[in-house]
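Here is the structure we will look at, set down as structure tokens.
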Amino acid sequence: DAGGIELAVTALQAHPQVAGVQQDGCLAMANVCVGSDATGLAHKQRAADAGGIELAVTALQAHPQVAGVPQLGCWAMGSVCFGTDAAALARKQRA
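Written out as structure tokens, the structure reads:
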């Protein structure tokens, strides 16, 4: 992922009122966190540990009427929270 998770999280944190940044940050996080193999699960946990779940919620709350933010914010949360192991359950509880 070449630091994509951290880059997305940093952008989401730095520009909470810019809908386009929130949309693209959620998209990036969702894309990097897709997958159920060991790499995908590690990415999901890194995103959660970096605050990605809470940042996606913040984006949804800040821009509910901006096309793309609700869709991509929900996709990001779904990608980060996906899984059936204990860590995934903990991520889901945070969402």
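Here the sequence shown stands for residues -5 to 89, where the numbers follow this note's numbering.
A virtual CB, placed ideally from N, CA and C, is assigned to each residue, including glycine.
Note that this is a predicted model, so its numbers are computed, not measured.
Coil, strand or helix - residue i by DSSP
i: Gln39; result: helix
i: Pro10; result: coil
i: Gly77; result: coil
i: Ala84; result: helix
i: Gly59; result: According to the sequence provided, residue 59 is Gln. The question's Gly does not apply to it. Reduced to three states, the DSSP call for Gln59 is coil.
Whole-angstrom C-beta distance between residue j and residue i, which should lie under 8 angstroms
i: Leu49; j: Leu6; result: 4 angstroms
i: Val26; j: Ile47; result: Incorrect: roughly 14 angstroms between the Cβ atoms, too far for contact.
Distance cut-off 8 angstroms: residue i Cβ against heavy atoms of the ligand GTP
i: Ala61; result: Among the components of this structure there are no ligands whatsoever, and the ligand GTP is therefore not found.
Pick from the options that is closest to residue i, judged by C-alpha positions
i: Ala36; options: Phe76, Val12, His9; result: Phe76
i: Gln65; options: His9, Gln16, Leu1, Ala2; result: Gln16
i: Ala2; options: Leu83, Ala44, Trp69, Val63; result: Ala44
i: Val63; options: Gly(-3), Thr4, Ala(-4), Val12; result: Val12
i: Ala89; options: Asp79, Ala8, Ala42, His57; result: Ala42
Where residue i falls, given that 16 or more other Cβ within 10 Å makes a residue buried
i: Leu54; result: buried
i: Gln87; result: exposed
i: Ala61; result: exposed
i: Gly19; result: buried
i: Gln39; result: buried
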